[in-house]
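Protein chains: 2
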Amino acid sequence: MPELRKDPVSGRWVIISTERRKRPMDFIRTREAPKGGTCPFCPGNESLTPPEIIAYRPHGSKPNTPGWTLRVVPNRFPALRVEGDLGRAGVGMYDKMNGVGAHEVVIETPGHQDSLSTLPEERLKDVLWSFKERSNDLKKDKRFRSILIFKNHGEAAGASLEHPHSQLIALPIIPRELSLELDGAQFFHKYRERCIFCDGLQQDIEQEDRIIINSGDFVAIAPFASRFPFEAWIMPREHAAFYEDITPSLADSLAGLFHELLRKMDKVLDKPSYNFYLHTAPFNGSYPRTNEYFHWHFEIMPILTQVAGFEKGTGFYINPTPPEEAAQFLRDA
Amino acid sequence: MPELRKDPVSGRWVIISTERRKRPMDFIRTREAPKGGTCPFCPGNESLTPPEIIAYRPHGSKPNTPGWTLRVVPNRFPALRVEGDLGRAGVGMYDKMNGVGAHEVVIETPGHQDSLSTLPEERLKDVLWSFKERSNDLKKDKRFRSILIFKNHGEAAGASLEHPHSQLIALPIIPRELSLELDGAQFFHKYRERCIFCDGLQQDIEQEDRIIINSGDFVAIAPFASRFPFEAWIMPREHAAFYEDITPSLADSLAGLFHELLRKMDKVLDKPSYNFYLHTAPFNGSYPRTNEYFHWHFEIMPILTQVAGFEKGTGFYINPTPPEEAAQFLRDA
Numbered sequence: 595m596p597e598l599r600k601d602p603v604s605g606r607w608v609i610i611s612t613e614r615r616k617r618p619m620d621f622i623r624t625r626e627a628p629k630g631g632t633c634p635f636c637p638g639n640e641s642l643t644p645p646e647i648i649a650y651r652p653h654g655s656k657p658n659t660p661g662w663t664l665r666v667v668p669n670r671f672p673a674l675r676v677e678g679d680l681g682r683a684g685v686g687m688y689d690k691m692n693g694v695g696a697h698e699v700v701i702e703t704p705g706h707q708d709s710l711s712t713l714p715e716e717r718l719k720d721v722l723w724s725f726k727e728r729s730n731d732l733k734k735d736k737r738f739r740s741i742l743i744f745k746n747h748g749e750a751a752g753a754s755l756e757h758p759h760s761q762l763i764a765l766p767i768i769p770r771e772l773s774l775e776l777d778g779a780q781f782f783h784k785y786r787e788r789c790i791f792c793d794g795l796q797q798d799i800e801q802e803d804r805i806i807i808n809s810g811d812f813v814a815i816a817p818f819a820s821r822f823p824f825e826a827w828i829m830p831r832e833h834a835a836f837y838e839d840i841t842p843s844l845a846d847s848l849a850g851l852f853h854e855l856l857r858k859m860d861k862v863l864d865k866p867s868y869n870f871y872l873h874t875a876p877f878n879g880s881y882p883r884t885n886e887y888f889h890w891h892f893e894i895m896p897i898l899t900q901v902a903g904f905e906k907g908t909g910f911y912i913n914p915t916p917p918e919e920a921a922q923f924l925r926d927a
Numbered sequence: 595m596p597e598l599r600k601d602p603v604s605g606r607w608v609i610i611s612t613e614r615r616k617r618p619m620d621f622i623r624t625r626e627a628p629k630g631g632t633c634p635f636c637p638g639n640e641s642l643t644p645p646e647i648i649a650y651r652p653h654g655s656k657p658n659t660p661g662w663t664l665r666v667v668p669n670r671f672p673a674l675r676v677e678g679d680l681g682r683a684g685v686g687m688y689d690k691m692n693g694v695g696a697h698e699v700v701i702e703t704p705g706h707q708d709s710l711s712t713l714p715e716e717r718l719k720d721v722l723w724s725f726k727e728r729s730n731d732l733k734k735d736k737r738f739r740s741i742l743i744f745k746n747h748g749e750a751a752g753a754s755l756e757h758p759h760s761q762l763i764a765l766p767i768i769p770r771e772l773s774l775e776l777d778g779a780q781f782f783h784k785y786r787e788r789c790i791f792c793d794g795l796q797q798d799i800e801q802e803d804r805i806i807i808n809s810g811d812f813v814a815i816a817p818f819a820s821r822f823p824f825e826a827w828i829m830p831r832e833h834a835a836f837y838e839d840i841t842p843s844l845a846d847s848l849a850g851l852f853h854e855l856l857r858k859m860d861k862v863l864d865k866p867s868y869n870f871y872l873h874t875a876p877f878n879g880s881y882p883r884t885n886e887y888f889h890w891h892f893e894i895m896p897i898l899t900q901v902a903g904f905e906k907g908t909g910f911y912i913n914p915t916p917p918e919e920a921a922q923f924l925r926d927a
């Protein structure tokens, strides 16, 4: 069972992943080993993954056989384990709990060489829809308090497998980056009784210079305090705290804008590696009335610079590209 | 002038570095460009850096000429600028200020191929001493509130120049990672009237299994909630908030332990790339009575895993090596 441990000073949790326990030689070998071998995500290799949780496949076709256009499977080397109780406990002055959670992989397409920017828009919609479906299912588990959906695209972004996929981790706690946003939004809401994300978006739309795409339903912006060059956020224009409540027509609209943004990034930055993740409101009563002040959004970060000692030591980023310039390059692409 | 901008939701500051402004082609070129050329940190090339601020060199030898064993120079492409006032201002609902600060480089040795682990121990002491000297000088500037000293060793750690060097950035604000530690330590101190770092260290010494080296004056530990495999912290055994108050004899002792730790890491992990940074108390009255609850320490992180979407989206790390095992490998080396 993996273990969750909390740093007593900063309150930061970590997962000590005993399932993929690594010794010094494992790291040294990884540094030298070439990648390759059979792709467990390609059609025909369904037996190399745990059995699928959901799949989008022609009516009547059998689970765990080819024919699908999208599969969601448990991660074969999960960071957290679905079984067991939380087991919160102290170790002297330290705190730990069992590494309970869900870790799933969305295999976005059967095509090993595809990418989200080259897939047809309807297929990108399927990916976005699978995020909603899985979130709604995992929310029923009362042990979980939040879900992080994320993607590592390209080696520089930390992708360990080339085949297009994204990941979902359901957590028994609210992770720090999300709680910092929740706390900030709640604080603003107490004072102004408005959503801080809505206010920021309104100002960005009026100022225009940080807008990349505005499709009416969704807006892609280069945020005022972008950490990374060409960082982009996608936000719904109408206030909405829970991504998993998205309607089919809004998911269509989101797929259109997401697709356009990724294609613009590919064009301007020559197909960069990137990470994205989705920040959506936690559930099961973790924060009161989150629906009033939290606003879901995707954060997309092309990998163009390296995070080094200064960023690690301060949590403070040096961004060599003003977001207003990044937005213009992307807008014009 | 670089600009500091604050994310209104999370409170995170970023530096928008106009001095090194980068456009899309700059990133694409960097990805493809081979490194090389004249090293600005090698003896004989002193004119390629701004004039030295301090240097350790034989008595009577001229500034900015060869003969030195250590030089501190302003960064030629500083993330922040020394001149100017803070200029705090709002932009609608957003906050910004001038990118005022100091950015210096410690050229640790004339030897291009040296490393901190292969330098004689006395020379490592000089490096540690230069950190103290520069901190004491920069503290006099009332615009600054904190200093981050850090090192990127090896390409995987984000080092852009191969020649051994560390960096110092004096900031007009308290960066987030430091303020999270300060807030946590202050909170604990209110309740217990003790230093949380001292308590943790006491427990680690009693439990023994996370101790890498205990020299009496200093202890190197694998922290309970290590984010990274083989992460190590160096802490003074006696409570001390301000690194820059270190005495010559304690600096000797610190150099000995630091040297031993780096040599053990080189041995166990086959000369890994690494980052380290120093967390020391802020100054000029930013936090009241920090000397009672903050405890300076170095955090050293070999680069063995990649930080990807999950870590960025959550601030939550997955560590495949339990710190108790890491400590044992290093202890035994």
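Protein chains in written order, with the working numbering: chain A, 595 to 927; chain B, 595 to 927.
Even glycine gets a Cβ: it sits at the ideal position worked out from N, Cα and C.
So residue i packs on residue j, CB below 8 Å; how close in whole Å?
{"i": "F725 of chain A", "j": "L872 of chain A", "result": "7 Å"}
{"i": "I790 of chain A", "j": "V603 of chain B", "result": "6 Å"}
Using a Cβ-Cβ distance under 8 Å, would residue i count as near chain B?
{"i": "W723 of chain A", "result": "no"}
{"i": "N869 of chain A", "result": "yes"}
{"i": "D860 of chain A", "result": "no"}
{"i": "N746 of chain A", "result": "yes"}
{"i": "T841 of chain A", "result": "no"}
{"i": "M691 of chain A", "result": "no"}
{"i": "T588 of chain A", "result": "No statement about residue 588 of chain A is possible, as the shown extent of chain A runs from 595 to 927 and does not include it."}
{"i": "M895 of chain A", "result": "yes"}
{"i": "I807 of chain A", "result": "no"}
{"i": "T632 of chain A", "result": "no"}
{"i": "G638 of chain A", "result": "no"}
{"i": "Q797 of chain A", "result": "yes"}
{"i": "Y911 of chain A", "result": "yes"}
By how many angstroms is the C-alpha of residue j removed from the C-alpha of residue i?
{"i": "L851 of chain B", "j": "D777 of chain A", "result": "40 Å"}
{"i": "M869 of chain B", "j": "Y868 of chain A", "result": "In the sequence as presented, Met is not what sits at residue 869 of chain B; that position holds Asn. Roughly 23 Å separates the two Cα atoms."}
{"i": "E716 of chain A", "j": "A751 of chain A", "result": "25 Å"}
{"i": "N658 of chain B", "j": "C633 of chain B", "result": "15 Å"}
{"i": "R821 of chain A", "j": "E893 of chain A", "result": "11 Å"}
{"i": "G810 of chain B", "j": "G695 of chain B", "result": "36 Å"}
{"i": "I609 of chain B", "j": "P916 of chain A", "result": "9 Å"}
{"i": "F782 of chain A", "j": "F818 of chain A", "result": "17 Å"}
{"i": "L718 of chain A", "j": "H706 of chain A", "result": "15 Å"}
{"i": "G748 of chain B", "j": "P866 of chain B", "result": "8 Å"}
{"i": "R665 of chain A", "j": "V700 of chain A", "result": "6 Å"}
{"i": "E613 of chain A", "j": "Q801 of chain B", "result": "24 Å"}
{"i": "S754 of chain A", "j": "S760 of chain A", "result": "11 Å"}
Please confirm whether residue i has its beta-carbon closer than 8 Å to some beta-carbon of chain A.
{"i": "D601 of chain B", "result": "yes"}
{"i": "F738 of chain B", "result": "no"}
{"i": "N669 of chain B", "result": "no"}
{"i": "I575 of chain B", "result": "In this structure chain B extends from 595 to 927, so residue 575 of chain B is not present and cannot be described."}
{"i": "P876 of chain B", "result": "no"}
{"i": "S604 of chain B", "result": "yes"}
{"i": "R883 of chain B", "result": "no"}
Give the single residue among the options whose Cα lies nearest to the Cα of residue i.
{"i": "G909 of chain A", "options": "B:F738, B:I647, B:I897, B:I767", "result": "B:I767"}
{"i": "S729 of chain B", "options": "B:V721, B:I741, B:K719", "result": "B:I741"}
{"i": "P672 of chain A", "options": "A:S611, A:W607, A:L924", "result": "A:S611"}
{"i": "Y911 of chain A", "options": "B:G693, B:P634, B:P668", "result": "B:G693"}
{"i": "V676 of chain A", "options": "A:P596, A:R788, A:W662, A:A902", "result": "A:P596"}
{"i": "L674 of chain B", "options": "B:T899, B:E918, B:R599", "result": "B:R599"}
{"i": "K733 of chain B", "options": "B:Q797, B:Y837, B:G907", "result": "B:Y837"}
{"i": "P874 of chain B", "options": "B:I743, B:I806, B:D679", "result": "First, the amino acid is wrong: residue 874 of chain B is Thr here, not Pro. Nearest C-alpha to T874 of chain B: B:I743."}
{"i": "D731 of chain A", "options": "A:F621, A:M895, A:Y881, A:D839", "result": "A:D839"}
Output yes or no for whether 8 Å exceeds the beta carbon distance between residue i and residue j.
{"i": "P758 of chain B", "j": "L710 of chain B", "result": "yes"}
{"i": "A835 of chain B", "j": "N878 of chain B", "result": "no"}
{"i": "R831 of chain B", "j": "V813 of chain B", "result": "yes"}
{"i": "G903 of chain B", "j": "N746 of chain A", "result": "yes"}
{"i": "P842 of chain A", "j": "A920 of chain A", "result": "no"}
{"i": "H889 of chain A", "j": "H833 of chain A", "result": "yes"}
{"i": "L924 of chain A", "j": "L898 of chain A", "result": "no"}
{"i": "R804 of chain A", "j": "E918 of chain A", "result": "yes"}
{"i": "L774 of chain A", "j": "R739 of chain A", "result": "no"}
{"i": "I648 of chain A", "j": "E727 of chain A", "result": "yes"}
{"i": "R670 of chain B", "j": "R770 of chain B", "result": "no"}
Nearer than 7 Å: is that true of the beta carbon of residue i relative to any heavy atom of the ligand ZN?
{"i": "S711 of chain A", "result": "Questions concerning the ligand ZN fall outside what the structure shown contains, since it holds no ligand whatsoever."}
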